[in-house]
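In the working numbering, the protein residues as written are 21 to 163. Glycine is no exception: its CB is placed at the ideal position from the N, C-alpha and C atoms. Note that the structure is a prediction, hence the values are computed from the model and not measured. Here the structure comes first, spelled out in structure tokens, and everything after it is commentary.
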């Protein structure tokens, strides 16, 4: 359970991870309409010009994007925002928080913290976990 100060810190971390200059932002913060080649349009978002222009079917371009698209390969880039934030994290718990806030926009549960804490020691394990998170149903439907 987080104390009040811990919650305040995580909210500040979350705000820092979503910056327009680095193209990390919620879909509601992006300009409308979405470009046809954008990540949001590929994954079913409407163009925001017609209310029912969205789709929910899976496609090969979606699978390829999740395997090696710009958004995924930028995670492996040592100069990318996520990599810099993970390096700046002082300990494994902070790295796990950064990873969850960056991908799911929420802190890990106690069970997730216990399950994944050991993986935060190795950059390879962090990359594997991040890819798994991006390919999860939880990522596709952020609550």
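In its own chain, which residues sit with a C-beta less than 7 Å from the C-beta of residue 123, not counting the 5 before and 5 after it?
For this step, residue 123 is matched to residue 103 along the chain shown. The answer, listed in chain order, is 150, 153, 154, 159.
With a CB to CB cut of under 7 Å and the five nearest residues on each side skipped, what residues in its chain are close to residue 120?
The residue you call residue 120 lines up with position 100 of the chain shown. Cβ neighbours of residue 120 beyond the five flanking positions: 126, 127, 128.
Less than 8 Å separating the beta-carbons of residue 62 and residue 93?
Walking along the chain shown from the start, residue 62 turns up at place 42. Walking along the chain shown from the start, residue 93 turns up at place 73. No.
Cβ-based neighbour list, residue 146, same chain, cut-off 8 Å, excluding 5 preceding and 5 following:
Numbered from its first residue, the chain shown carries residue 146 at position 126. Excluding sequence neighbours, residue 146 sits near 106, 115, 119, 139, 140.
Is the beta carbon of residue 137 closer than 8 Å to that of residue 108?
Within the chain shown, residue 108 is the residue found at index 88, counting from 1. Within the chain shown, residue 137 is the residue found at index 117, counting from 1. No; because the gap between Cβ atoms is not below 8 Å, this pair is not in contact.
Rounding to the nearest angstrom, what Cα-Cα distance links residue 144 and residue 103 in this structure?
As a working mapping, residue 144 is identified with position 124 in the chain shown. As a working mapping, residue 103 is identified with position 83 in the chain shown. Cα to Cα, the separation comes out at about 12 Å.
For the ligand SAM, is there any heavy atom lying closer than 7 Å to the beta carbon of residue 133?
This structure does not include the ligand SAM; it has no bound ligands of any sort.
Terminal residues of the alpha helix (DSSP H) in which residue 105 lies:
Translated into the one-based positions of the chain shown, residue 105 becomes position 85. Per DSSP, residue 105 belongs to the alpha helix (DSSP H) from 101-108.
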